[in-house]
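Quick note: the sequence shown uses the numbering used here, first residue 1185, plus one each step.
The beta-carbon is built from N, C-alpha and C at its ideal position, and this holds for glycine as well.
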Amino acid sequence: MQEEMRRPDDSDIKSQRTPVCLPAAELAGSRMSKAFSLLQLLSEDLAHKVAVADEAYRLYKNIQLEAQDEERDEESSLYEFLKRVRLNSALDALREVRCAARSARAPVLHTPPSSPAPRSSPAPITTYRSPLDDQIQLQLPSPPAAPDHRPTPSHHLPPAASLCNNDKPYYCI
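Shown next as structure tokens:
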């Protein structure tokens, strides 16, 4: 790279209006090819992990052991092993897919939008109405008036009334 920076300027390569830095242009090209090759390797590795997960799942589903062929503990341990292999492979593949998706979304998420994004669809319209909604009409009764717990003066009480129970009127018959 330093050799290219030291070499004399070629007038036919350089633009007269804007200077061009050839090492930077070559460096950008090499970065693009490296990024493409890394993406290719990651996609091949991900495809391999998905194939391993699918194969483990097929093995797990297609194994049918008779109870008399193997002991119960060995059979369950084989199934547990296959479950773990399938689960670990699937989790690894899922982790890599999420990482790749995050990497792809990162430039989009960190750039501020120039205009607000249009809504993909209007608010959903409710078309189903339960038949019970039509049949039941709730009419709530008004709440009862609060009882008056003030003691009644003794000159307003009927003659058979006497005050007891914490100064509340109590009528004896």
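- Here R1286 is exposed, its C-beta having fewer than 16 other C-beta atoms within 10 Å.
- Of S1227, S1221 and L1243, the smallest CA-CA separation from E1264 is found for L1243.
- DSSP, reduced to helix, strand and coil, places A1284 within a helical segment of the structure shown.
- With fewer than 16 other CB atoms across the displayed protein chains lying within 10 angstroms of its CB, A1290 is exposed.
- At a Cβ-Cβ threshold of 8 Å, R1270 and Y1241 count as neighbours.
- Excluding its 5 nearest sequence neighbours in each direction, A1231 has no C-beta neighbour in its own chain below 8 Å.
- Here A1237 is near A1277, since their CB atoms are less than 8 Å apart.
- In the structure shown, the three-state DSSP call for A1290 is helix.
- Contact annotation, K1233 with S1273: C-beta distance approximately 6 Å; criterion of less than 8 Å satisfied.
- The C-alpha of E1280 lies about 14 Å from the C-alpha of A1235.
- L1225 places its beta carbon 8 Å or farther from that of A1284.
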